[in-house]
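First to last, the protein sequences are chains A, B and C. Take the first sequence: its letter number 167 is residue 238 in the numbering used here, and every next letter is one higher. Take the second sequence: its letter number 254 is residue 325 in the numbering used here, and every next letter is one higher. Take the third sequence: its letter number 326 is residue 397 in the numbering used here, and every next letter is one higher.
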Amino acid sequence: MPEPIIIHHNFERADAQHDAPHTAPKPRHVVESQQFTVPLLMELFDRSRLMERVVARGGTLDYQNRIMASLFYSPSMRTRFSFEAAMFRLGGRVLSTEQASAFSSEINEEEVEDSIRILSGYSDVIVIRHHAADGAKRAAQVSTVPVINAGDGNGGQHPTQALLDLYTIYRERPINGLSVAFIGELDKGRTARSLAYLLAKFERVKIFFVSPPELQMKPDILAYLEEHDVRYELESDLQRVIGEADVVYQTRIHPDRVHDRDRTLGRFAIDSAMVQRMKPDALIMHPLPRTAELDKSVDDDPRALYFRQAKNGLFVRMALLTMLLEGS
Amino acid sequence: MPEPIIIHHNFERADAQHDAPHTAPKPRHVVESQQFTVPLLMELFDRSRLMERVVARGGTLDYQNRIMASLFYSPSMRTRFSFEAAMFRLGGRVLSTEQASAFSSEINEEEVEDSIRILSGYSDVIVIRHHAADGAKRAAQVSTVPVINAGDGNGGQHPTQALLDLYTIYRERPINGLSVAFIGELDKGRTARSLAYLLAKFERVKIFFVSPPELQMKPDILAYLEEHDVRYELESDLQRVIGEADVVYQTRIHPDRVHDRDRTLGRFAIDSAMVQRMKPDALIMHPLPRTAELDKSVDDDPRALYFRQAKNGLFVRMALLTMLLEGS
Amino acid sequence: MPEPIIIHHNFERADAQHDAPHTAPKPRHVVESQQFTVPLLMELFDRSRLMERVVARGGTLDYQNRIMASLFYSPSMRTRFSFEAAMFRLGGRVLSTEQASAFSSEINEEEVEDSIRILSGYSDVIVIRHHAADGAKRAAQVSTVPVINAGDGNGGQHPTQALLDLYTIYRERPINGLSVAFIGELDKGRTARSLAYLLAKFERVKIFFVSPPELQMKPDILAYLEEHDVRYELESDLQRVIGEADVVYQTRIHPDRVHDRDRTLGRFAIDSAMVQRMKPDALIMHPLPRTAELDKSVDDDPRALYFRQAKNGLFVRMALLTMLLEGS
Chain A
72 MPEPIIIHHN FERADAQHDA PHTAPKPRHV VESQQFTVPL LMELFDRSRL
122 MERVVARGGT LDYQNRIMAS LFYSPSMRTR FSFEAAMFRL GGRVLSTEQA
172 SAFSSEINEE EVEDSIRILS GYSDVIVIRH HAADGAKRAA QVSTVPVINA
222 GDGNGGQHPT QALLDLYTIY RERPINGLSV AFIGELDKGR TARSLAYLLA
272 KFERVKIFFV SPPELQMKPD ILAYLEEHDV RYELESDLQR VIGEADVVYQ
322 TRIHPDRVHD RDRTLGRFAI DSAMVQRMKP DALIMHPLPR TAELDKSVDD
372 DPRALYFRQA KNGLFVRMAL LTMLLEGS
Chain B
72 MPEPIIIHHN FERADAQHDA PHTAPKPRHV VESQQFTVPL LMELFDRSRL
122 MERVVARGGT LDYQNRIMAS LFYSPSMRTR FSFEAAMFRL GGRVLSTEQA
172 SAFSSEINEE EVEDSIRILS GYSDVIVIRH HAADGAKRAA QVSTVPVINA
222 GDGNGGQHPT QALLDLYTIY RERPINGLSV AFIGELDKGR TARSLAYLLA
272 KFERVKIFFV SPPELQMKPD ILAYLEEHDV RYELESDLQR VIGEADVVYQ
322 TRIHPDRVHD RDRTLGRFAI DSAMVQRMKP DALIMHPLPR TAELDKSVDD
372 DPRALYFRQA KNGLFVRMAL LTMLLEGS
Chain C
72 MPEPIIIHHN FERADAQHDA PHTAPKPRHV VESQQFTVPL LMELFDRSRL
122 MERVVARGGT LDYQNRIMAS LFYSPSMRTR FSFEAAMFRL GGRVLSTEQA
172 SAFSSEINEE EVEDSIRILS GYSDVIVIRH HAADGAKRAA QVSTVPVINA
222 GDGNGGQHPT QALLDLYTIY RERPINGLSV AFIGELDKGR TARSLAYLLA
272 KFERVKIFFV SPPELQMKPD ILAYLEEHDV RYELESDLQR VIGEADVVYQ
322 TRIHPDRVHD RDRTLGRFAI DSAMVQRMKP DALIMHPLPR TAELDKSVDD
372 DPRALYFRQA KNGLFVRMAL LTMLLEGS
């Protein structure tokens, strides 16, 4: 094992050597993905690259005295571990609850505000997953420390997932001009929603929403895309678009939500036959966990990015934590 | 972010420069609030002040190699996080279980002793919340490391809550001569019971117990107060005492425990109208979480101390941990 | 509190000064106890001794930048705390889930592989307790970081328990030539199974399996012992062997699994009367938790080793973590 590397970070100074866009105002909280501008995204991604190098060298940063609170009202082991590992790799500490709704004596939903007011006194940054679609926003309104939305209610957002998704794409190719196919149960898909907001910030992006008609992307996202002049198509036949997409972003469809279950799920699944019809340099992504919609036979295809995507969560969350803790 | 401040503490030496009372023998375990003498409380509060300064400077102490075990048989996110944040701010580590009764293979209640014997080998201090009123005491009897009672069964105690409550008062004004109104379901109220024991150590304190008659404070506490010459009154009408109290300590009443529910709960609630009848320098306290018994409209009143009270839990628990770990 | 001691370990060099056997190839994962050779066991025990000294001095090692993931699909507070305390005493960090099956959105059992692929990106070593007998093996097959089996399904293994059991014996006397009585529900007993595999590596060991006939040790272990020329006897009367055993290894019998419950359980229980019939230097062991099969009156007998046994888990797991993290 190499000697521990402690990097005394000074991003302000490092940023000063960059172009003007890098002086983008830093967010205080992360609630919705659309609050990120392109310059801010680029700064985040620069930092994420640095974090990759820190981790590769077995190093850490000097956040020894900083505490992150992981406040998960709905459990999510993967997302929670990703945030907590990020804080550890920075050198920090973690207060953690796997299921706040069961393990606190919180009396009703109204009280997330009181919990946050109290936790603000115990921690330097709060990561919250709340079952209500406005849980993270309500938390941010009363918190005296930065709040990060780690996924809110159905049809809500999961902005850090979108940030790591975009970073994963960014590491592979330019985002401007990309065509992206989102597949799955898009009306309730937090990850697709959050990533669509981010893609709309870039130039000449085209989005295919591929879904059974009754589960299609909701009008609020479509209106946002139209406002931002993003081309999109609603599609119910994966076969018709699979050969055109640069990024194939697969998500799960809950079997209970479709008629003629086996046939419908099969039509939206990605298996080795479907992969053969993709562009030779397509990027196959998935927020995980997966079931039958993404066959294990795809795992060895060099285009399969989803495990690297999950790992990128570590770097992007490290970067995001440094950004938020800096200003606070 | 400033450079981390590592303070190599040496309280023994610091204490030696104080008055004689500060050489009060340190407790080995914290099971009941009445085990604290006034000199010991003053030493604890001096240390708590120091902890406030350490945290304000973003510093830490040198407990890097010390491990605290958080052993919660009944979940309590707030209390657990307060202890764990305290240990982190000292530089230490934390073993944590959110609900030992569900997540251990412990076979029956008899076995808390065996669990403690084993955990004594893995940690340097044990924080226990147990559902039985004698859970913490039984733990202390077999532990080879200090044990802290983080709240035991109904009608039991919650001594660290009482310590932080008293510290919150102490930070505002002299405790001798205070009049304190406890409101709520006092027969089962661990926090009121534990704080009453502490108040009895001071001079000229007067206590109002304000409760529906069937939920009044139990005779054991009243007997203790009489022994210590503490004046008290049992009252069922909040209106009659609200203008006299220096400290208004509100607690929850479980709706199922009263007749004529809405009317009864309303009579014991604190809202902005009730606040207007309080002394201009009254201290409004609550152990949290709260429901309707403490209206949110009170939050902005400068007399509302309950969020600061919660934050003080951090400093008092840091101080307490240093005291217990020192001798061990 | 003494100054923290940071020991920059260099076991490779230390090992070079030992005899040849100590250059035994280190395991990448720990899935089954039988993968340990005697030289590897001796190296592990040497390290464990060192760890005892590190802990006794209040020291730590330099694993500050290393992360262990505790992935418990079935809860086990004691085993989890033992591993986590071990990682903390090394200076490292811990990601922890008390019950992955409830707190992840993992969809079915198939997916342990995906979880491990993701966690491999967030941690440096994974400790897994899985309900399926092949859970740890499946995890090891896909993990890019070392995996440690912390107990798998009924009739599976619990190799680190066996390692700490053997270390506990080794600290007391030579293992060659020992007679060991395993008592309890041996067909499902992970700990007895795992320790039997290890004992078979030594010379002139004799094993008594003492169990109601219907709960006797399974043929796979017996075949393994025969292959390794280990003498064993199947016995249903504890009285007949209790005076012959150097090590009395008691385990629990679930009351539901026997007929004539009280009488049967009583026949296999160890109480002060039974202890009187043991050798004067017998070692009484138990993996804990215990119920009536090991009476509390035995606790004060100098032959009772079970709490020291539990504490040894800390040292052996520290040693094991250093071994696995070194190569990785």
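No residue lacks a Cβ here, since even glycine has one placed at the ideal position from N, Cα and C.
Per the DSSP secondary-structure output, Q321(A) pairs in a beta bridge with I254(A). Nearest Cα to I292(B) within the set L257(B), G130(B), E274(B): L257(B). For the region 138-151 of chain C, the set of positions with a beta-carbon nearer than 7 Å to some beta-carbon of chain B reads P146, S147, M148, R149 in chain order.
Cβ-Cβ distances below 6 Å link E304(C) to F279 in the same chain, with the five nearest sequence neighbours on each side left out; the list follows chain order. The straight-line gap separating the alpha-carbon atoms of H357(A) and L269(B) is approximately 58 Å.
Among the residues of the region 189-216 of chain A, those with a Cβ less than 8 Å away from any Cβ of chain B are I189, L190, G192, Y193, S194, in the order of the chain. Looking only at A271(C), G260(C), R311(C), V312(C), the smallest Cα-Cα distance to Q287(C) is reached by G260(C). With the criterion set as a beta carbon lying under 8 Å from some beta carbon of chain C, the region 248-275 of chain B has no members that meet it. Per DSSP, the continuous beta strand (DSSP E) segment holding Y303(A) begins and ends at 302-306. Taking C-beta separations shorter than 6 Å and ignoring five residues to either side along the sequence, the partners of I219(B) in its chain run V101, V198, following chain order.
Non-local C-beta neighbours of S265(A) in its own chain, meaning closer than 7 Å and more than five positions away in sequence, comprise S104, Q228, H229, P230, Q232, A233, ordered along the chain.
Under the Cβ criterion of 8 Å, L235(B) is not counted among the residues facing chain C. Annotated three-state conformation of A271(B) is coil, per DSSP.
The distance from the Cβ of A211(B) to that of F154(B) is about 16 Å, inconsistent with a contact at the 8 Å cut-off. Residue environment: N247(B) is assigned as exposed (fewer than 16 neighbouring CB atoms within 10 Å of its CB, all protein chains considered).
Where F116(C) is concerned, the enclosing alpha helix (DSSP H) starts and stops at 109-127. The way I'd put it, the region 355-375 of chain A does touch the region 316-328 of chain A; three or more beta-carbon pairs between them come closer than 8 Å. If you draw a straight line from the Cα of F253(B) to the Cα of H330(B), it is about 20 Å long. Interface annotation, E169(B): in contact with chain C, CB-CB separation under 8 Å. A Cβ-Cβ contact shorter than 8 Å links L392(A) with L161(A). Residue pairing by DSSP places R164(C) opposite I138(C) in a beta bridge. Among the residues facing chain C, Q106(B) is not included, as its CB has no counterpart in that chain under 8 Å away.
Secondary structure note for V346(A): it is in no beta strand (DSSP E), and the uninterrupted alpha helix (DSSP H) holding it is 343-347. Taking the Cα positions, K277(B) is about 24 Å away from G384(B). According to the DSSP assignment, A221(C) belongs to no alpha helix (DSSP H) but to the beta strand (DSSP E) extending over 218-223. Bounds of the beta strand (DSSP E) holding I278(B) are 277-281. K277(A) has a beta carbon lying at 8 Å or more from every beta carbon in chain C. Burial state of D195(A) is buried, judged by a 10 Å Cβ sphere holding 16 or more other Cβ atoms.
The criterion of a C-beta distance shorter than 8 Å is not satisfied by F152(B) and T168(B). Each residue's CA atom was taken as its position, placing R120(A) and Y238(A) some 9 Å apart. Residues of the region 337-358 of chain C with a C-beta atom less than 9 Å from some C-beta of chain B do not occur. Under the three-state reduction of DSSP, I187(C) is assigned to helix. By the Cβ neighbour-count rule, E306(B) is buried, with 16 or more other Cβ atoms within 10 Å of its own.
The CB of L293(C) never comes closer than 8 Å to any CB in chain B; the least such distance is about 27 Å.
For P290(C), the number of other beta carbons within 10 angstroms of its own is below 16, and it is reported as exposed. Under the DSSP definition of a beta bridge, H201(C) partners with D223(C).
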